[in-house]
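For reference, the structure discussed in these notes is given below.
Number of protein chains: 2
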Amino acid sequence: MNTNDLPASIQITEEGPREGFQIEPGPIATTDKVRLINALSETGLRTIQVCSFVSGRLVPGWVDADDVVAALRKRDSVDYTALWFNAKGMHRALAHAETLTLTGCIHTVASDAFCQSNLNRTLDENTTAMRAHTATHQEQGIEVKKIMVMAAFGCNFSGDATVDKTVGAVDTGMAIANEAQTSITEIALADTMGWANPRLIERIVGAVRERWPDIAIKLHLHDTRGLGIANAYAGLGMGVTRFDTTVGGLGGCPFAAKQSSRTDDVYKPLPPGNIATEELVLLASELGIETGVDIDALLDVGKMAESIVGHSLPSATLRGGSLSSYRNALGA
Amino acid sequence: MNTNDLPASIQITEEGPREGFQIEPGPIATTDKVRLINALSETGLRTIQVCSFVSGRLVPGWVDADDVVAALRKRDSVDYTALWFNAKGMHRALAHAETLTLTGCIHTVASDAFCQSNLNRTLDENTTAMRAHTATHQEQGIEVKKIMVMAAFGCNFSGDATVDKTVGAVDTGMAIANEAQTSITEIALADTMGWANPRLIERIVGAVRERWPDIAIKLHLHDTRGLGIANAYAGLGMGVTRFDTTVGGLGGCPFAAKQSSRTDDVYKPLPPGNIATEELVLLASELGIETGVDIDALLDVGKMAESIVGHSLPSATLRGGSLSSYRNALGA
C-alpha cells in the first residue's frame with residue numbers, strides 16, 4: 194500500500210432503513226421510517242435501500258414496506274432500492290417501479306454450512322434456485338447485474354475463509370450469469386458474521402480483483418467485533434469504491450437489549466450491525482476521498498435514528514462528532 | 194505497506210483502571226478497583242497502569258490511590274505503573290516503590306493553544322516545568338526515559354496537526370532529556386482529542402521514526418470518532434509495537450450519561466475513550482501478531498468492568514466476542 198492508491202471517490206449504499214427497522218424489537222411507525230428516509234435523501238447520499246419485501250409474518254418490521262415506498266418523497270438525485278428474496282417479493286417491488294431502482298442480484302455463499310443453516314439448502318440447491326431467480330427477473334425485464342457472496346470472509350459454522358471458497362462462490366455466480374447471458378457489473382463481498390480482518394480483506398479482494406479485473410467490487414461489512422472501519426480502510430487501500438453502510442450503525446446490537454440480559458449473553462452471536470455510514474464518511478473525508486455526503490447533516494439524521502429507535506446506536510462518530518465544526522471555528 | 198511489515202509482537206499497556214475510574218460519575222469501591230486490577234493481571238497483560246496520584250479534590254475518583262496500590266495482589270510477570278503530574282504525586286508513588294515500576298516521563302504538547310487551555314501555561318513555560326520535573330525525578334533516583342507528546346495528531350483548539358509541530362514537540366522533549374543527560378527509550382504519540390486518521394498516523398509516525406530511528410514509538414489512541422482501530426492498524430503497518438489501551442474502552446463516554454442528555458450533547462466534545470484492549474488484541478491476533486493476552490479471559494474482565502461501572506462499555510469485541518470459541522468448536 195502506498196499513499197497514491199486510495200480512490201478519489203466512493204459510492205455508499207445506505208441500508209439503515211432496511212437493516213435497522215427489521216431488527217428493532219418494537220414496532221416503528223411508518224411515518225418515522227419515511228421521515229428517516231426523507232432526511233437521509235437530503236444528506237448527499239445517492240443510494241438508499243428503503244425496505245425489504247419479505248413476509249410480514251417472518252419479519253414483522255417490514256409488514257408496511259409498500260406503505261413506506263408509497264409515502265417517501267422521491268428526490269431525483271437518489272436511487273431508492275429494496276431487498277427481496279423470492280418472486281413474490283419481486284412482484285411487490287415491481288409495483289413500485291416508478292419509485293424504486295430495480296436490479297437483480299445473484300446471491301451465492303462461500304460456506305456450505307452457512308448455506309445449509311441460513312438458507313436451508315446445499316450450495317448446489319442454491320445454484321439451482323439462483324438460476325430460477327435470475328430467469329424470473331429477466332422475464333420481468335429486471336436486469337441481473339450483481340453478485341453478492343455471503344460469508345465471504347469466514348463463517349460461524351465453517352470457520353475461516355479461504356481465497357478458493359470465496360473466489361469459487363463468485364465463480365458460481367458468474368456461471369449463472371453467463372448461462373443467462375447477463376453481464377455482471379458488481380461483485381459484493383459480505384462479511385456476514387464479522388470474521389474479516391484488514392489483511393484478509395486485502396487478500397480476498399486482491400484475488401477477486403485479479404480474476405475479474407474489470408468488475409467493481411463492493412464491501413458489505415459488519416462491525417461485529419470492532420474491526421469494521423479498519424477493514425473498510427483496508428478495502429480503500431485496495432481501491433474498493435463501493436460500500437454498504439447504515440446510519441448510526443442501525444441494525445447493530447441495541448445497547449438497551451444488551452443490558453437487559455447482561456449476565457449471559459456476552460458470548461452469544463449478537464445481531465451484527467453494519468459499519469456506520471458516518472464513520473465511513475469521516476474516514477473517507479479525512480483521507481481526502483469524496484463521498485458526496487455532508488457529514489454534519491448525516492450526524493443529525495443519526496440523532497434522529499436514535500430518537501426513533503429509542504436507544505443509543507453503536508456509531509462512535511455520532512457521539513464524538515465530526516471535525517468540521519472545529520475547523521470551521523478555526524477558519525481552516 | 195506490504196504484507197511483511199507487521200511486527201511479530203506488540204506490548205500493550207492496560208490503562209483501564211486509571212483512565213476508567215477517574216471519569217465515572219459515581220464512586221467506585223476500592224475493592225472493585227483492586228478486583229479489576231487483579232483480574233487483569235491474570236490475562237497475560239504485562240503492564241497495567243493502576244492509578245493516578247492526583248489531588249483527591251480535583252479527581253475524587255482517585256482519592257483512594259494509595260489504598261488501591263497497597264491492596265493489589267502483585268504478580269511477578271506484570272509491571273504495575275501509575276500516573277502523576279507533580280512532585281507531591283511522585284512522592285506518593287515512591288512510597289509504593291516495591292509494588293510499582295516507576296519511570297519518569299517528559300510531557301510535551303504539539304499545540305500551543307492546548308497547552309494553554311489544558312495545562313494553563315505556554316509551551317515555553319511547559320519546557321521550564323518539564324526541566325524541573327525531570328530534575329526532581331532524577332534527584333529521587335527515578336529514571337526519566339519517556340517522552341509523551343499530547344495532541345500529536347491534531348487539536349480542538351488549534352486544528353490539524355503538522356509534522357513540524359509534532360516532531361518539534363518530540364525535539365523539545367529530547368532537548369530536555371539531553372540537558373539532563375538521560376537517554377530516552379520511548380516516544381509516545383497521543384491522539385488526545387481524536388483527530389488522527391490512518392494516513393496521518395503513517396505520516397507522523399514515519400517522520401518521528403526517520404528522525405529518531407532507534408527509539409521505540411508508542412501510540413496512545415482515543416476512539417473519539419470510531420477511527421481508533423483503523424489508526425492502530427496503520428500504526429502496526431508502520432511497525433509500531435507499543436500501544437496504550439483500556440479494557441472495554443473504559444474511560445469512554447458512558448452511554449448512560451449520553452442518553453440522559455440526549456437532545457443537546459451530540460456535538461459537544463464528549464470524554465474520548467481509549468481504544469479498547471480487546472479490540473486491539475483481536476486485531477493483532479487475527480493478523481498473527483503476538484500480544485501474550487488471552488482474549489477470552491480479557492473479555493471476561495471486560496464484562497466485570499461493565500458490572501463495576503454499571504453500564505455498557507464501547508468495545509464492540511465485548512459484545513461480539515472473539516472468534517476462538519468458533520474455531521475451537523470447529524476443531525480448527
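Order-wise, the sequence lines are chains A and Y.
Using this note's numbering, the letters of the first sequence correspond one by one to residues 194 to 525.
Using this note's numbering, the letters of the second sequence correspond one by one to residues 194 to 525.
Heads up, the beta-carbon is just placed ideally off N, CA and C, and yes, glycines get one too.
Model, not experiment: these values are computed from the prediction.
- Not a single C-beta of chain Y is nearer than 8 Å to the C-beta of Glu-235(A).
- Counting of Cβ neighbours within 10 angstroms places Ser-310(A) among the exposed residues, the total staying below 16.
- Looking at Pro-210(A), Asp-198(A), Val-502(A), Val-360(A), the one whose alpha-carbon comes closest to that of Thr-438(A) is Pro-210(A).
- Taking C-beta atoms as the reference points, Ala-381(A) and Met-341(A) count as a pair closer than 8 Å.
- Contacts between Ser-508(A) and chain Y, judged by CB atoms closer than 7 Å, involve Gly-419 in chain order.
- Note that the region 466-479 of chain A does not touch the region 474-492 of chain Y; fewer than 3 beta-carbon pairs, one per stretch, sit closer than 8 Å.
- With 16 or more other Cβ atoms inside 10 Å of its own Cβ, Gln-215(Y) counts as buried.
- If you compare the alpha carbons of Ala-427(Y), Val-363(Y), Ser-508(Y), Leu-523(Y) with that of Gly-495(Y), the shortest gap goes to Ser-508(Y).
- In this structure, Leu-480(A) lies away from Leu-238(A), with their beta-carbon atoms at least 8 Å apart.
- Against chain A, a Cβ distance below 7 Å from Asp-407(Y) picks out nothing, because the smallest value is about 25 Å.
- When secondary structure is reduced to three states using DSSP, His-415(A) falls in the strand class.
- Residue pairing of Leu-293(A) in beta bridges, as defined by DSSP: Tyr-273(A).
- Against chain A, a Cβ distance below 9 Å from Asn-311(Y) picks out nothing, because the smallest value is about 15 Å.
- For Glu-483(Y), none of the residues of chain A pass the 7 Å Cβ criterion, the least Cβ distance being about 15 Å.
- Residues of chain A with a Cβ closer than 7 Å to the Cβ of Asn-231(Y) do not exist; the shortest Cβ-Cβ separation is about 20 Å.
- Sequence-distant partners of Asp-353(A) (beyond 5 residues in either direction) whose C-beta falls short of 8 Å from its own C-beta, in its chain, are Gly-347, Trp-388.
- Among the CB atoms of chain Y, one or more fall inside 8 Å of the CB of Ile-422(A).
- With a threshold of 8 Å between beta carbons, Gly-387(A) makes contact with chain Y.
- For Asp-416(Y), the neighbours in chain A by C-beta distance under 7 Å run, in chain order, Ala-509.
- Per DSSP, Val-256(Y) lies in no beta strand (DSSP E) and is assigned neither H nor E.
- Burial is judged here by how many other beta carbons sit within 10 angstroms of a residue's own beta carbon; Thr-315(Y) has fewer than 16 and is exposed.
- Residues of chain A whose Cβ lies closer than 7 Å to the Cβ of Pro-391(Y) are, in chain order, Tyr-426.
- Taking a beta-carbon distance threshold of 8 Å, Gly-209(A) does not count as an interface residue toward chain Y.
- Against Glu-479(Y), the close residues of chain A are Asn-390, in the order they occur along the chain (beta-carbon pairs closer than 7 Å).
- Closest option to Ala-427(A), judged by alpha-carbon separation, among Phe-246(Y), Arg-396(Y), Thr-329(Y), Arg-392(Y): Arg-392(Y).
- The beta carbon of Glu-472(A) falls within 8 Å of a beta carbon belonging to chain Y, placing the residue at that interface.
- When DSSP states are grouped into helix, strand and coil, Gln-333(Y) belongs to the coil group.
- Using a Cβ-Cβ cut-off of 8 Å, Gly-352(A) counts as an interface residue toward chain Y, since at least one Cβ of chain Y sits closer than that to its own.
- In this structure Ala-201(A) is exposed. Its beta-carbon is surrounded by fewer than 16 other beta-carbon atoms within 10 angstroms.
- Within the same chain, Cβ atoms closer than 7 Å to the Cβ of Val-433(Y) are found at Val-398, Ile-410, Leu-412, the five residues on either side in sequence being excluded.
- Taking CB atoms only, Asn-521(Y) has no neighbour in chain A less than 8 Å away.
- With its beta carbon at least 8 Å from every one in chain Y, Gly-254(A) lies outside the interface.
- Membership of Ile-488(A) in the alpha helix (DSSP H) is indicated by the continuous run 488-502.
- For Ser-505(Y), no alpha helix (DSSP H) run applies, since DSSP gives it neither H nor E.
- When C-alpha distances from Arg-435(Y) are compared across Tyr-519(Y), Gly-466(Y), Pro-218(Y), Thr-470(Y), the shortest belongs to Thr-470(Y).
- In the DSSP annotation of this structure, the continuous segment of the alpha helix (DSSP H) that includes Ala-477(A) starts and ends at 470-479.
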